[in-house]
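What follows is one structure encoded as structure tokens, with my remarks underneath.
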Amino acid sequence: MQLTNILKNTTSLVTNTLGKTGEQTNQTRTTSRPRVVVIGSGFGGLNVVRGLAKSEVEVVLLDRNNYHGFWPLLYQVATAELVPDSIAFPVREFVKSYHNTIFHMAVVTDIDLANKRVSIREGQPISYDYLVLAAGSTNNYFGNKVIAQNTFSLKDVEQAVEIRQGILKAFEKAALEPDAEKRQTLLTFLVVGSGPTGVELSGALAELIPPLLQKFYSGLAGEKARIILVEAHTTLLESFPGPLQQKAQQHLEKMGVEILKNHEVTGVENGEVTFKQGPKIQAGTVVWAAGVRASTLAEKLGVKLAHGERVPVESTLNLKEHPEVYVIGDMSYLEGFKGGKKPYPGVAQVAIQMGQQAAKNILAQIEGKTQEDFHYIDKGQLSTIGRRDAVAEVFNLQLSGFVAWLVWGAVHIFYLLGARNRLLVMLGWAYNYATFNLGIRIVGGWPHQKAAK
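Here's what the structure looks like:
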């Protein structure tokens with residue numbers, strides 16, 4: 124009995140000790156260096172890591188995924204032009220060269236500004252001396268839950284694959300559908316929102332669907348697929364100069380895209396799209412690209428949020444009441460774009476430069492030096508419309524057509540992470556360009572029927 128009690132007490136002591144140690148694992152410092160926690164492995168977050176790489180700080184990088192996604196090419200995964208892993212780069216591969224950085228695949232559930240710690244779903248809270256929020260954006264459905272439930276979105280690789288599967292299944296269903304009206308609904312693809320994502324996706328669909336139907340669906344060869352681009356306002360590519368907006372619209376219409384401006388979508392249900400004004404449209408596939416809002420982590424800060432649920436920051440990119448907390452990229456709201464009172468847009472270049480500046484300002488704080496204001500170098504904006512055609516505003520030069528397309532391709536290859544990814548993308552483009560064929564057309568079958576017992 125005594126031996127049993129001794130073993131029980133010893134086991135209890137060891138368990139309690141290990142338990143306490145485990146609770147402190149993420150908060151106990153292995154060094155005396157300041158700890159910087161970075162949430163998000165997008166363009167902004169990775170540039171913070173790069174900026175701190177040679178400094179005497181400990182960097183903890185958190186992301187819900189274990190990859191960095193190159194979202195400008197996401198639409199090409201959705202249209203089966205590129206394989207998913209060609210635009211996704213492992214975060215652990217990225218951080219292996221930075222000896223002061225560790226990565227955790229974790230979902231952040233809360234941020235405690237008072238106690239300087241971040242709660243994660245997968246473990247104990249992680250303490251920080253400096254915090255960088257670079258968690259990006261999510262779709263903005265403007266409070267309409269019905270639209271959110273009945274449309275595809277295009278914000279990560281998984282969603283792009285869902286769209287690809289949805290498009291291919293629509294073809295398979297249409298090939299078996301005897302009713303002409305239902306068949307037309309299945310072959311109607313509607314994209315909501317005419318920013319770069321909406322324009323690029325619409326152009327890709329209009330370019331690739333007709334030859335795909337003709338080559339591989341003999342029963343649908345005579346059918347006409349409809350590609351519809353819907354915009355609630357009066358212009359496409361709103362941030363682009365007027366002449367480029369017009370060229371983009373002209374080229375899309377030449378490709379057969381139907382463009383509906385001043386059409387605000389109010390509902391999507393059972394294959395029917397309704398508008399604030401105008402007749403309903405039957406569409407089998409609806410992709411929502413009409414707007415974004417900051418990651419819901421912005422709501423955890425307890426500050427008054429600005430337009431798009433973005434977090435207002437000082438010119439040095441940190442919070443006024445908590446200067447150790449930085450918010451960058453799509454999550455931040457800072458006015459001054461093009462010297463005016465417009466906020467900086469949620470694009471890759473802004474996130475990259477904000478990440479670089481945030482890293483510099485964190486080091487300045489640590490060293491007791493003056494932080495610098497964020498000054499954006501506007502390198503321009505790009506949008507492809509199809510093969511051999513794009514629009515580009517580069518250093519105040521307006522380009523369109525083949526030259527703009529070459530610039531677009533070169534820029535995207537340059538900013539892709541990894542030599543393998545660059546090679547995969549270039550090979551994918553060459554194959555599609557030469558053959559008008561899609562690299563991936565495999566789609567899962569319908570759910571298996573359970574055997575009757």
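Each residue of the sequence shown is one higher than the last, beginning at 124 in the numbering used here. No residue lacks a Cβ here, since even glycine has one placed at the ideal position from N, Cα and C. Keep in mind it's a predicted model, so treat the numbers as computed, not measured.
With a 10 Å radius around its C-beta and 16 neighbouring C-beta atoms as the bar for buried, classify residue i as buried or exposed.
{"i": "G142", "result": "Confidence is the limiting factor: at G142 the pLDDT is only 38, short of 50, which leaves the residue's position unreliable, though a coordinate-based value still follows. By the neighbour-count rule (16 or more Cβ atoms within 10 Å), G142 is not buried but exposed."}
{"i": "Q147", "result": "Low per-residue confidence applies at Q147: pLDDT is 38, beneath 50, and the placement is therefore not dependable enough to give any value."}
{"i": "F525", "result": "exposed"}
{"i": "G463", "result": "exposed"}
{"i": "D186", "result": "buried"}
{"i": "I500", "result": "exposed"}
{"i": "K370", "result": "buried"}
{"i": "I351", "result": "buried"}
{"i": "K483", "result": "buried"}
{"i": "D233", "result": "exposed"}
{"i": "T389", "result": "exposed"}
{"i": "Q272", "result": "exposed"}
Helix, strand or coil: which one does DSSP assign to residue i?
{"i": "R111", "result": "Not covered by the structure: residue 111. The range shown for the chain is 124 to 576."}
{"i": "F339", "result": "helix"}
{"i": "N441", "result": "strand"}
{"i": "S455", "result": "strand"}
{"i": "K573", "result": "Only weak support exists for where K573 lies, its pLDDT of 44 falling under 50; the coordinates are left without a value."}
{"i": "S242", "result": "strand"}
{"i": "H191", "result": "strand"}
{"i": "V322", "result": "helix"}
{"i": "T140", "result": "Legend: pLDDT at T140 = 37, less than 50; position of this residue unreliable, no value from coordinates given."}
{"i": "G509", "result": "strand"}
{"i": "F294", "result": "helix"}
{"i": "T389", "result": "strand"}
{"i": "S209", "result": "helix"}
{"i": "R287", "result": "helix"}
Given a cut-off of 8 Å on the beta-carbon distance, is the pair residue i and residue j in contact?
{"i": "L256", "j": "Y467", "result": "no"}
{"i": "F497", "j": "T439", "result": "yes"}
{"i": "L540", "j": "F166", "result": "no"}
{"i": "P402", "j": "Y253", "result": "no"}
{"i": "A412", "j": "V315", "result": "yes"}
{"i": "F518", "j": "K492", "result": "no"}
{"i": "R416", "j": "N263", "result": "yes"}
{"i": "L205", "j": "G551", "result": "yes"}
{"i": "L196", "j": "H535", "result": "yes"}
{"i": "V182", "j": "N223", "result": "yes"}
{"i": "A344", "j": "H386", "result": "no"}
Please name the residue, chosen from the options, that lies closest to residue i on a Cα-to-Cα basis.
{"i": "G192", "options": "V182, S317, G168", "result": "G168"}
{"i": "M454", "options": "F525, S155, G259", "result": "G259"}
{"i": "V410", "options": "H374, V322, P301", "result": "V322"}
{"i": "G379", "options": "H356, L367, E387, A348", "result": "A348"}
{"i": "E490", "options": "V160, S178, N170", "result": "S178"}
{"i": "P364", "options": "L522, I162, G289", "result": "L522"}
{"i": "L383", "options": "A271, Y456, R545, L359", "result": "L359"}
{"i": "K465", "options": "F537, Q199, A429, K423", "result": "A429"}
{"i": "S242", "options": "L420, L550, V436, G452", "result": "L420"}
{"i": "V218", "options": "N189, T202, A203", "result": "N189"}
Could you name the residues that DSSP lists as bridge partners for residue i?
{"i": "S276", "result": "W411"}
{"i": "D233", "result": "S242"}
{"i": "S523", "result": "V514"}
{"i": "A474", "result": "Per DSSP, none; premise fails for A474."}
{"i": "Q405", "result": "E395"}
{"i": "V314", "result": "L352, V410"}
Verify the CB distance criterion: does residue i have a CB-CB separation below 8 Å to chain B?
{"i": "I382", "result": "Of the protein chains in the structure, only one exists, and it is not chain B."}
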